[in-house]
Structures are given as C-alpha cells and as structure tokens.
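Keeping their order, the protein sequence lines are chains B and Y. Each residue of the first sequence is one higher than the one before, starting from 195 at the first, in this note's numbering. Each residue of the second sequence is one higher than the one before, starting from 195 at the first, in this note's numbering. Reading through the structure tokens given below for one structure.
Protein chains: 2
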Amino acid sequence: MIATIRLDWGTTNARAWACAADGRVLDRRHAALGIRNIGTGGFRAAFDRLVGDWLASGAPVVMSGMVGSRQGWMEAPYAGCPAGLASLAQAMVRLPEPETVLIVPGVGRGGPGERHDVMRGEEVQCFGALAQEGIEDALVCLPGTHSKWVSMRGGAIVDFASAMTGEVFEVMSRHSILGALMREPAPGHGPGQAGGAAFRRGLDRSGEAGGLLNHLFSARAEALFGEIAPEDVRDYLSGVLIGHEIREMPQLLGGSGDILVIADGPLPERYRHAFGHLGIPARLLDAETVTVAGLGLVLERANH
Amino acid sequence: MIATIRLDWGTTNARAWACAADGRVLDRRHAALGIRNIGTGGFRAAFDRLVGDWLASGAPVVMSGMVGSRQGWMEAPYAGCPAGLASLAQAMVRLPEPETVLIVPGVGRGGPGERHDVMRGEEVQCFGALAQEGIEDALVCLPGTHSKWVSMRGGAIVDFASAMTGEVFEVMSRHSILGALMREPAPGHGPGQAGGAAFRRGLDRSGEAGGLLNHLFSARAEALFGEIAPEDVRDYLSGVLIGHEIREMPQLLGGSGDILVIADGPLPERYRHAFGHLGIPARLLDAETVTVAGLGLVLERANH
C-alpha cells in the first residue's frame, strides 16, 4: 500500500519513490526528465509519465529540488537560514492541481552586504542524513557540479556554501589548454583510480602555496616535464580541485562536528579517498537513502 | 643606421624593432604572425615578411619567445633557474640560416619532486625592467593568459611561477554557467571599469574564507540576489581572479623587493587598481620599452 510519494526533481534528472507507511520503498522510478529538458507546461505530462500510476492511491506527494525554482513547475521561494525541519515544512507550496502535491522550498542565505548562497534539494538530504546517523550536529558535504557544504547544529541548517568544483573540472578539461594535454586512460589503467598516485599528487599540491590559479597551471608544467603522464592529467586536476574544496570549505563554515559525505555515483569515492589522504575523518552516506528519508521527514512535519 | 634587430615572437603575435647603436628604436613592426599561425617551414617566410628589408644592414638579430620552443623555428632548450643574463646569453642558439639570428632560451625550473614551471619571453622583459629601474631585486608580475611572477635577486632570476588567471577568466566566461549570467556592458557603462565597484567587490571577496571555488560560485549567488547587475558580473569575476593571483603569488615566491608590473594592453590597468585597492605598492612599466631593452642586454652580453 502506497502511503507517500516522494520525488527529487532536479536540473537533469527526476527520481521518484513510492513508500509504505513505515517509509519502506515499495517502488522507484528514475528518468532523464530534469527541468532543463521540460518546456513550460510540460511538467504535468512528465509527472504523469513518471508516477501517474501511483496517484490512484491518493497518497500525498512531496517533491524537492529545482522543480520548485522559478524555472520549475511552481516556485517555492527560498526559506531563510537558519532553517529547521519545521520552517521548511511550513514554507512548502501546494500545487493547484494535483492538490496532493507539496513542493519543498530551497534555502537561501545572506542579506544586503552578507555572503549569498542558495540550494534546492540538498537541504532535504541533510535532514535525512542527520536522522540516519541519529545526530544533530554535522558538516554535510554534497559533492557535485556545484558542491554544497552544509553546517548543521541542533538539528537545523545554520549555514551553507557552494563550491564550483565539478563545473571548473568539466570546463577546464574541455575548453582549456589542460584538456589538450589529457589523454584518456587506456583500458585497465582505469579512470576512477580515485586513490591513484596522480590524484594524491594533486591533493598534495592543493595544500601548497600559490593558490588554485598556480596549481591549475602546474598540471601543464608537470606534464611538460614528464612528471605526470598524459593519461593521468585528469586525475591530477581532480585531486587539485577536490583538495582545494575540502581544505577550504570547512574553514569557511567553521563546523567542528562529524563530516558526512552524501554519495551518488562514482564521485564520492574520490572524496572518500581525498578525506582519507588528508587525514580528515568523514563518513559516506547513500544518497538515495537520505533523500527518501529527508522527504519523509518534511512531509511528516507538515502533517503535525 | 640599424645596429641591432630585436624580435619578441610569441604564440599569437610577432613584434620587431630595428635599433640604433645606442638602443634607440628606429622602426617597429607588429604582425599577427604568432607561431600558432605558422606551419612548419613557414618561419623563414614570416621572418622575411616582417623584417626582410632590415637584413641588408647585416645587423645581428636577437629573438625571444615561443619562436624558440619545440613548436617554433628552432628549439632553444630552457636555461636552468637561477638564470642571470650571462647564462641566458650563453644558452642562445644560432640559426643555420640566416646565421645572424640568435634565439634566447626560455627558463625552466624544478628537478624531480620539485615544483616545475616554464616561461619563454618573459625572462627577457624582466632583465629589461631591472635595467630600466636601476635595481637588482624585484618581484616582477607579467599579467596575461598565463600570468608569470618572477623573483629577481642580485640581477638574476632566482625563482618564478605561473598563474592561469587569464585563461580561467576566458574559459569560465565563455563556457560556464557564469557566462550565461553576464550581460555585456552598455555603451557608456564601459568595460575596462577597472576601478569599478563590482571589480573592487570581487577583489574583496578574494580575501575571504572559502577559496576560489567558492568565490567563483559567489558570482552566481550575488547575481541571483541582485547584488551584482548582469553587466557587472564580468568585472566581479575579474576582481575575484586577479585578487587571488596577487594575494597568493607573492606568498609562493616570498619576494620582498619592489613589485614591477609589466604592462601591455588594457589588462595591467586592472592590476594597477587591484594592487592599489589591496594597498600593495607596485609600479607599472611599459612592455615594449622593457622588451626592447632586455633583448639588447642579452645580445650585448653575448658579444662580450
């Protein structure tokens, strides 16, 4: 029996879960129906295609992610920071049709003259992570195109910040002189050698003087001198960038709790190696588990 | 009477000067005949097109820049670091034809396990800058696609490093999500508002916690919240990047002498504002003047 329907609907992908009353996942769907691929007015059709057959249950639906942005189905204005579960639940918006659907707002921070930042979807995962770990304080790291780092205290989001790590990696690999130096790894050499020597070398470089602009150039200089093989330039660059992120973001947020890394795809494995190499304790959590749990928590809170 | 012919022949441009015995410039040429635009074997034709009519003088020719790289006319292997005028002069290579032509080597640094870096052309400008200022110690900043910072002591190059500032700016402007936020400044608003509020705001941000990966994202966050106008995003990004470069490169090289900025085009004006805003004393020198002087010094030293 479907008791709740939960969706994480982002820029490139949509994921949906049909859950039992105890939160158990009964069924799951995954489609490349991200909001970037949906024209205005196409949301209802995409929604029906994804979960239409579940709606007969009459179960309430909760959605998080970019679906609630100005470019999404219906805007759910950012909740302020700090943000607890209660304030997220209160700020949810209800669709006119189907009325069973609630959209969780993202979180925004920063008044005039302050540091600004925004996130949509990650806030829900953070609450799921705390619940899964049974803790109230943590620094949550969500690696990605725009990595998010979220400081949580007393069970609430008290601060957060973004790092452009994934996008800088992609853009520099594809469009800079560094890309021209890269050779794809041969079969067997394997990309995803997250713990490889070139990756570790990049991590070490990230802690030296000179800053990221010098360390990016170092990929070229080291390759010119034959210190890094062409098939290792990508791993070195990845190490430099991830190293900068995980050295600097905790300083910005000043968190002192456990570091929880919310893992999806192969990327978090790199982060696990990076934290290990730098001697920073961090635990990996499964992204699907904490997303489903977090969506359930917000919905539950709204029904109180 | 032409006494010497001097060329700075780089990746995208070639510049040439016919000089009198006292170093005065009698004539100058500038062409988009950078080595990137010249096929193998095309160097002699390009050379003749540029300075052919000066060769009847029989004057010695000295060239610096990428023309001496493996992709250039003839390779002049990197001189080691530290490098004085004498070692550069000794390491020059002579073309088989025309035999009057000498190519200045670039400078390379770093043995196994050390930090590697290379430059070609900038080393000559650095010697010209010292001579013009009448000093022997300085930290020379040469802004560009790959900015070079050169530490000079006792009249020699003792260390140097590169920062990918210009290329990161171009690549992120054209290919990242930040580019989509940018609107070209209206006429009158003016790009090149090097001292503008958005540029200064970017400079200030570069000194805060979070590191460059967070500061790059901040361009998006500040624009989303209307703190930076779309036509100011480029200036803000420029401030963030130049700010990181000039805060971090001196730390890497540890120089304590005067900072000399070698200026070419509109970019150095931004650096002048940036140094001023951060309260770091720096002097701008004209690129052409120090290049012509530096080429003359190396040639003179070779004739000793």
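Note that beta-carbon positions come from the ideal geometry of N, C-alpha and C, so glycine has one too.
- Residue-level contact by beta carbon fails for GLN265(Y) and chain B, as no gap is shorter than 9 Å.
- Between the alpha carbons of PRO292(B) and ALA212(B) lies a distance of about 17 Å.
- At least one CB atom of chain B sits nearer than 9 Å to the CB of LEU410(Y).
- Burial is judged here by how many other beta carbons sit within 10 angstroms of a residue's own beta carbon; ALA496(Y) has at least 16 and is buried.
- Scanning its chain for C-beta atoms nearer than 6 Å, with the 5 sequence neighbours on each side dropped, one finds no residue around GLY252(B).
- Contact annotation, MET443(Y) with ALA357(Y): C-beta distance approximately 6 Å; criterion of less than 8 Å satisfied.
- A direct Cα-Cα distance of roughly 37 Å separates ASN231(Y) from GLY448(Y).
- The C-beta distance from ALA350(B) to PRO299(B) rounds to 15 Å, too long to fall under 8 Å, and the pair is not in contact.
- Contact check for VAL492(B) and LEU201(B): beta-carbon distance about 12 Å, past the 8 Å limit, so the pair fails to qualify.
- Along the segment 325 to 357 of chain B, going in chain order, the ones with a CB nearer than 7 Å to a CB of chain Y are HIS340, ALA355, SER356 and ALA357.
- In the DSSP assignment, ILE371(B) falls within the alpha helix (DSSP H) that extends over 371 to 375.
- As for any alpha helix (DSSP H) of minimum length 4 sitting wholly inside the segment 401 to 441 of chain Y, the runs are 405 to 418, ordered along the chain.
- Interface annotation for the segment 390 to 407 of chain Y against chain B: ALA403, GLY404, GLY405, LEU406 and LEU407, criterion Cβ-Cβ distance under 7 Å.
- Taking a Cβ-Cβ cut-off of 7 Å, the neighbours of SER370(Y) in chain B comprise GLU361 and VAL365, given in sequence order.
- Distance between GLY338(Y) and VAL455(Y), taken at the CA atoms: about 11 Å.
- Around MET286(Y), the same chain offers VAL256, ALA270, LEU296, ILE297, VAL298, PRO299, VAL492 and ALA496 as residues with beta carbons nearer than 8 Å, after the five sequence neighbours per side are excluded.
- Within the segment 431 to 464 of chain B, LEU435, HIS438, GLU439, ARG441, GLU442, MET443, GLN445 and LEU446 place their CB atoms closer than 8 Å to a CB of chain Y, listed in sequence order.
- About 7 Å separates the beta carbons of GLU317(B) and LEU282(B), which is inside the 8 Å limit, making them a contact pair.
- Checking the DSSP bridge columns, you'll see CYS213(Y) partnered with THR198(Y) and VAL219(Y).
- At a cut-off of 9 Å, the C-beta of GLU416(B) has a neighbouring C-beta in chain Y.
- Chain order gives the chain B residues near GLY304(Y) as PHE419, where near means a beta carbon separation below 7 Å.
- Cβ-Cβ separation between LEU431(B) and GLY404(B): approximately 15 Å, too far for a contact (criterion under 8 Å).
- In this structure, the alpha-carbon of HIS369(B) lies about 9 Å from that of MET366(Y).
- Secondary structure of ALA270(Y) (DSSP, three-state): coil.
- In this structure, ASN207(Y) lies near LEU227(Y), with their beta-carbon atoms less than 9 Å apart.
- Looking at ARG314(B), ALA413(B) and LEU375(B), the one whose alpha-carbon comes closest to that of GLY274(B) is ARG314(B).
- Going by DSSP, CYS275(Y) is part of no alpha helix (DSSP H) at all; its letter is neither H nor E.
- Within chain B, the residues whose beta carbon sits less than 8 Å from that of HIS310(Y) are SER412, ALA415, GLU416, LEU418, PHE419 and GLU421, listed in sequence order.
- The C-alpha of SER412(Y) lies about 10 Å from the C-alpha of PHE419(Y).
- The Cβ-Cβ distance between ARG399(Y) and GLY433(Y) falls below 9 Å.
- Boundaries around VAL245(Y) are those of the alpha helix (DSSP H), 237 to 245, since no beta strand (DSSP E) includes it.
- Exposed is the label assigned to GLN445(B), since fewer than 16 other Cβ atoms lie within 10 Å of its Cβ.
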